[in-house]
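Notes follow once the structure below has been shown.
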Amino acid sequence: MAKDNLKLEELRAIFNRENYRKDSLQSKASYFLGVISIVVTIICTNFNLFNPIDKYFSYVGGFILSGLILSFLLSLGFCAFIFLPKNYTHPFDFDNFDESVEDLDSKNDELEELLEDQYITSIKTNHDLNNQLVVNLKISVISFLVFLIFYFLMVCLL
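In structure tokens:
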């Protein structure tokens, strides 16, 4: 019995770590959105796009400008995508929790087995969702770096 209880506590700890990981990823995305907005604000105030407009009509200038805009939108979109609601699962149904506990209260072993199964499926689902959030954050960071590269190309070449 103590061994089963230890397994259930380990599953709870893993489940709590996945929830903490989700919160951590969302806070990183929030900070990164702040960095994006600050950098873009500085770039827009120091760079007058409409002053010498003839140089942007060349093929190179058009390519650099379109790459700049596309990479900025990708970075912003993937970072904002992290905040969309996801289907995170919990090991038990919060709506009918009291009823389900009353039904299974007399059968303690059955309750532990049910909780173990539900914890395992919840952990797997939440882990996959968190991995997708990590991929989105990486894409956002990479596209923001591409945005900065295109900006420096625009400043140096044009």
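Mapping of the sequence shown onto UniProt numbering: position 92 corresponds to residue 92, and the numbering continues sequentially without gaps.
Even glycine gets a Cβ: it sits at the ideal position worked out from N, Cα and C.
(1) Taking one C-beta from the region 63-80 and one from the region 131-143 each time, how about it: are there three or more such pairs within less than 8 Å?
(2) Along the chain, where does the alpha helix (DSSP H) that runs through Ile69 open and close?
(3) So what does DSSP say about Lys86, is it helix, strand or coil?
(4) Which value, in whole angstroms, describes the spacing of the CA atoms of Val155 and His90?
(5) Would Ala29 be called buried (16 or more neighbouring beta carbons within 10 Å of its own) or exposed?
(6) Which runs of the beta strand (DSSP E) spanning at least 3 residues fall entirely within the region 105-129, listed in chain order?
(7) Within 10 angstroms of its Cβ, does Asn136 collect 16 or more other Cβ (buried), or is it exposed?
(8) Please identify the residue among Ile36, Ser66, Glu9 whose C-alpha is closest to the C-alpha of Phe150.
(9) Using only alpha-carbon positions, find the residue among Ile69, Val60, Asn87, Leu111 that is nearest to Thr125.
(10) In whole angstroms, what is the alpha-carbon distance linking Leu133 and Cys44?
(11) Between the Cα of Phe152 and those of Thr121, Val40, Lys22, spot the shortest distance and give me the residue it belongs to.
(12) Can you give me the C-alpha to C-alpha distance between Gly34 and Phe81, rounded to a whole angstrom?
(13) Please report the distance separating the alpha-carbon of Phe147 from that of Val60.
(14) Would you kindly work out how many angstroms separate the C-alpha atoms of Leu68 and Ile36, rounded to a whole number?
Taking the definition as stated:
(1) Because the criterion of three Cβ pairs below 8 Å is met, the region 63-80 and the region 131-143 touch.
(2) 59-81 is the extent of the alpha helix (DSSP H) around Ile69.
(3) Assignment of Lys86 by DSSP, reduced to helix, strand and coil, places it in the coil class.
(4) Whole-angstrom Cα-Cα distance: 50 Å.
(5) Ala29 comes out buried.
(6) Listed in chain order, there is nothing to give.
(7) So Asn136 ends up on the buried side.
(8) Comparing Cα positions, the closest option is Ser66.
(9) Ranking the options by Cα distance to Thr125, first place goes to Asn87.
(10) Roughly 29 Å between the two C-alpha positions.
(11) Per the Cα distances, Val40.
(12) Straight-line Cα distance between these residues: approximately 15 Å.
(13) In this structure, the alpha-carbon of Phe147 lies about 16 Å from that of Val60.
(14) C-alpha separation (whole angstroms): 13 Å.
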